[in-house]
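Residue numbers (my numbering): 1497 to 2012. For reference, the structure discussed in these notes is given below.
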Amino acid sequence: MSELRETRLEKARALAELGQGPYALRFDPSHRTAALQQDHADLAKGEERDLEVAVAGRVMTRRVMGKLAFFTLADETGPIQLYLEKSTLDGPPPEVALADGAAALGSYAQITSLVDAGDLIGVRGTLRRTDRGELSVKVTAWWMLTKGLQPLPDKWHGLADVETRYRQRYLDLIVSPQTRETFRRRARMVSAMRRWLDERDFLEIETPVLQSVPGGADARPFETHHNALDLPLTLRIATELHLKRLVVGGFERVYELGRIFRNEGISTRHNPEFTSVEIYQAYADYTDMMDLTEQLIASVCEQVCGSTTITYQGTEIDLTPPWRRGTMHELVEQACGLDFNAFTSREEAAAAMAAKGLEAPALADSVGRLLNEAFEQTVEADLIQPTFVTDYPVEISPLARNHRSKPGLVERFELFIVGRETANAFSELTDPVDQRQRLEAQQDRRAAGDLEAQGVDEDFLQALEVGMPPTGGLGIGIDRLVMLLTDSPSIRDVIAFPLLRPEVRPEGHPQGHQEP
RNA sequence: GGGUCGCUAGCUCAGCGGUAGAGCACUCGGCUUUUAACCGAUUAGUCCUGAGUUCGAAUCUCAGGCGACCCA
């Protein structure tokens, strides 16, 4: 069963006997492969360049033909071919050694028999472009850096099994340039976002992940426990309430980009831990936050994709500001003809929805909640191009301030792109008395069985009593934005290690040779 | 939570009631211009798990596990 592994362990022992263990200490590459490919693009077929280089990486493929062999060596920047000639390698060994004293190995027989696809090796040699036009390192000396004991995925099909791609992401990264590019781009996006905010004097301040009162969103938390204090704690479901405390404290522009945890289902759009950025700007309202959202996302897109027009799953998406804006009432009326301003009772609204074939769940116990239901059922999926949906019902927005001119509504928007909620923002509620009533109403719902309703955070209310300036607040779902900008259909494609059920391995039969 | 599909050699898959198969990988042999190298030989399996139907099950039925997609 593990014959291949035994064979490779045997080769590791053979390397040790040759004075070079299978796990080296260090190596000094002179170049990365992409730089070599670029710098020597002018080298003609069949020509050699008398420049000694040292490169390190993973052996991806091996082609051995008698007294000549070709390996493909890949480092982080990409592949380069190794040209292995018996007459060169069996000559006098070069006077070079690793820092830890390991002698360079020379002989052709050794490199072709002791090096497998998947091993990490370092080589020295000169440059040569083969007759077939492939830039190659003509190897004069080599070192085993790390002997691999497991085979690489099929070199032609790659990792076709999506489950293995998620469970063993390292294999996916080794064989899939596309996956590497996704995570590179994710890193650049996060970096560009921080840079954009930092340049505008926003301070990133870290707030607690472990909290005794979960708040800032409607979601079920993960529960945990602090032993020394014998204290039940939950993982944060939002960063909102602590960032607002910082605004109370006098920081006028703050943000936090970090991990959020919500104890909910898994889908192509949901992972129980995900990344958000929440941004708060004193003396601003939700219209300012709309402008900020457009500018921030357009800027990041431009930097990462080179344009504000992108293609997502075959559909062209134009992120060039300004974006479409519409109130929830307008959009629902356009989609299904129901004017929710006209309804004076829940029953009336529910009956009108039923007449249109829409569902009116019992948990939606007010006209406002039914409006939101109608929105989700008739509008949301069709908001493909970026759209700000504004002016939400107060019942579903316990942290947003009342609308300046529309009773029963709040100053809030959500951003939808490709039918997905991508950002959420308010003119923040600064009135502590109103805020207390809103949170107590939430708590009542919670007592009535709504597990996603928030509790009352007394310390947060106290902070509001000290006085929070008028403030605009914004949250952006980073994972969904990464999906958009990397053309990824599933959130699992943009999270390096998505949550999966633990793999079941039959007892006494460890799969993949993991030690017990 | 509901539905559909998948799970067979290390990898990618075929087989769909009658001796467990192919390509690649591995091992051995040959080969100095390959790049899915090629040629020859060998090795490799709890057909996801359990129960049932049957003379006989990878194949049919039921239950369970894990995953994917769609819906809520």
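For each residue, glycine too, the CB sits at the ideal point set by N, CA and C. Since the model is a prediction, treat every value here as computed from it, not as a measurement.
Indicate whether residue i and residue j have their beta-carbon atoms separated by less than 8 Å.
{"i": "Val-1686", "j": "Ile-1991", "result": "no"}
{"i": "Ala-1780", "j": "Leu-1834", "result": "no"}
{"i": "Ser-1862", "j": "Glu-1891", "result": "yes"}
{"i": "Tyr-1604", "j": "Leu-1580", "result": "yes"}
{"i": "Gly-1963", "j": "Phe-1922", "result": "no"}
{"i": "Trp-1819", "j": "Thr-1918", "result": "no"}
{"i": "Arg-1842", "j": "Leu-1859", "result": "no"}
{"i": "Glu-1585", "j": "Leu-1578", "result": "In the sequence under discussion, the amino acid at residue 1585 is Leu, which differs from the Glu named in the question. No, the pair does not count as a contact, with Cβ atoms beyond the cut-off."}
{"i": "Arg-1625", "j": "Ala-1512", "result": "no"}
{"i": "Gln-1938", "j": "Ala-1949", "result": "yes"}
{"i": "Thr-1874", "j": "Ala-1831", "result": "yes"}
{"i": "Arg-1716", "j": "Leu-1995", "result": "no"}
{"i": "Thr-1463", "j": "Gly-1621", "result": "The structure shown does not extend to residue 1463, since the chain is modelled only from 1497 through 2012, so no value can be given for it."}
{"i": "Ala-1877", "j": "Gly-1915", "result": "yes"}
{"i": "Glu-1924", "j": "Leu-1895", "result": "yes"}
{"i": "Gly-1951", "j": "Arg-1941", "result": "no"}
{"i": "Cys-1797", "j": "Thr-1804", "result": "yes"}
{"i": "Val-1978", "j": "Arg-1682", "result": "yes"}
{"i": "Asp-1675", "j": "Leu-1669", "result": "According to the sequence provided, residue 1675 is Thr. The question's Asp does not apply to it. Yes, they are a contact pair."}
{"i": "Val-1800", "j": "Leu-1981", "result": "yes"}
Could you pull out every residue in the same chain whose Cβ sits closer than 8 Å to the Cβ of residue i, ignoring the five residues on either side in sequence?
{"i": "Phe-1523", "result": "Ala-1550, Ala-1552, Leu-1594, Gly-1618, Trp-1639, Leu-1641"}
{"i": "His-2009", "result": "At His-2009 the pLDDT is 32, less than 50, meaning the model places this residue with poor confidence and gives no usable figure here."}
{"i": "Val-1611", "result": "Val-1555, Arg-1558, Phe-1567, Ile-1617, Trp-1638, Met-1640"}
{"i": "Asp-1694", "result": "Glu-1700"}
{"i": "Gly-2004", "result": "Note that Gly-2004 scores 34 on pLDDT, short of 50, meaning its location in the model is unreliable; the coordinates nonetheless yield the value given after this. Excluding positions up to five away in sequence, the list is empty."}
{"i": "Gln-1533", "result": "Gly-1574, Ile-1576, Leu-1631"}
{"i": "His-1899", "result": "Asp-1887, Leu-1905, Val-1906, Glu-1907"}
{"i": "Asp-1697", "result": "Arg-1749"}
Measuring CA to CA, which of the options is closest to residue i?
{"i": "Ile-1756", "options": "Ser-1763, Tyr-1662, Ser-1772", "result": "Ser-1772"}
{"i": "Leu-1648", "options": "Arg-1628, Thr-1626, Ser-1672", "result": "Ser-1672"}
{"i": "Ala-1959", "options": "Asn-1898, Asp-1927, Gln-1809", "result": "Asp-1927"}
{"i": "Tyr-1776", "options": "Val-1800, Gln-1791, Gly-1810, Val-1744", "result": "Val-1744"}
{"i": "Arg-1988", "options": "Lys-1902, His-1766, Glu-1544, Gly-1621", "result": "His-1766"}
{"i": "Gly-1810", "options": "Asp-1668, Met-1849, Ile-1880", "result": "Ile-1880"}
{"i": "Gly-1517", "options": "Leu-1564, Ala-1845, Lys-1643, Gly-1614", "result": "Lys-1643"}
{"i": "Glu-1702", "options": "Phe-1679, Thr-1805, Glu-1736, Glu-1872", "result": "Glu-1736"}
{"i": "Ile-1913", "options": "Pro-1965, Ala-1794, Ser-1893, Pro-1889", "result": "Ala-1794"}
{"i": "Ser-1583", "options": "Glu-1572, Lys-1563, Gln-1674", "result": "Lys-1563"}
{"i": "Pro-1889", "options": "Gly-1864, Thr-1503, Pro-1817", "result": "Gly-1864"}
{"i": "Ile-1762", "options": "Val-1828, Met-1785, Ser-1986, Met-1689", "result": "Ser-1986"}
{"i": "Lys-1651", "options": "Gln-1664, Gly-1614, Gln-1674", "result": "Gly-1614"}
{"i": "Leu-1792", "options": "Ala-1851, Tyr-1782, Pro-1817", "result": "Pro-1817"}
{"i": "Leu-1788", "options": "Leu-1521, Pro-1710, Trp-1692", "result": "Trp-1692"}
Name the two residues that bound the continuous alpha helix (DSSP H) containing residue i.
{"i": "Leu-1977", "result": "1974-1982"}
{"i": "Tyr-1779", "result": "Element bounds for Tyr-1779: n/a, residue is neither H nor E."}
{"i": "Tyr-1666", "result": "1665-1671"}
{"i": "Arg-1741", "result": "1736-1744"}
{"i": "Met-1849", "result": "1842-1851"}
{"i": "Met-1964", "result": "Counting along the chain, Met-1964 falls outside any alpha helix (DSSP H), and DSSP gives it neither H nor E."}
{"i": "Leu-1610", "result": "1604-1610"}
{"i": "His-1825", "result": "1824-1832"}
What residue range does the beta strand (DSSP E) around residue i cover?
{"i": "Pro-1728", "result": "1727-1731"}
{"i": "Asp-1814", "result": "1811-1814"}
{"i": "Leu-1569", "result": "1564-1571"}
{"i": "Asp-1861", "result": "Neither: Asp-1861 is in no beta strand (DSSP E) and is coded neither H nor E."}
{"i": "Phe-1523", "result": "Premise fails: Phe-1523 is in no beta strand (DSSP E) and is neither H nor E."}
{"i": "Arg-1554", "result": "1544-1561"}
{"i": "Arg-1625", "result": "1616-1625"}
{"i": "Asp-1940", "result": "Element bounds for Asp-1940: not the beta strand (DSSP E) but the alpha helix (DSSP H), 1928-1943."}
{"i": "Thr-1805", "result": "1805-1808"}
Could you name the residues of the same chain whose beta carbon sits closer than 6 Å to that of residue i, not counting the 5 residues immediately before and after it, in chain order?
{"i": "Asn-1920", "result": "Glu-1910, Gly-1971"}
{"i": "Leu-1753", "result": "Val-1773"}
{"i": "Glu-1769", "result": "Arg-1755, Phe-1757"}
{"i": "Thr-1967", "result": "Val-1743, Tyr-1776, Ala-1778, Glu-1924"}
{"i": "Met-1689", "result": "Val-1796"}
{"i": "Lys-1507", "result": "Leu-1610"}
{"i": "Ala-1480", "result": "Since the displayed the chain opens at 1497 and closes at 2012, residue 1480 lies outside it and no answer follows."}
Closer than 7 Å by C-beta to residue i: which residues in its own chain qualify, once you throw out the five before and the five after it? Chain order, please.
{"i": "Asp-1627", "result": "Lys-1541, Gly-1542"}
{"i": "Tyr-1662", "result": "Arg-1988, Pro-1994, Leu-1996"}
{"i": "Asp-1571", "result": "Arg-1528, Thr-1529, Val-1551, Ala-1552, Gly-1553"}
Q: Evaluate contact between the stretch 1543-1554 and the stretch 1520-1535, counting only Cβ atoms and requiring at least three cross-stretch pairs below 8 Å.
A: Contact holds between the stretch 1543-1554 and the stretch 1520-1535, because three or more Cβ pairs, one in each stretch, are under 8 Å apart.
Q: Could you tell me whether the stretch 1724-1742 touches the stretch 1702-1714, where touching means 3 or more Cβ pairs closer than 8 Å?
A: yes
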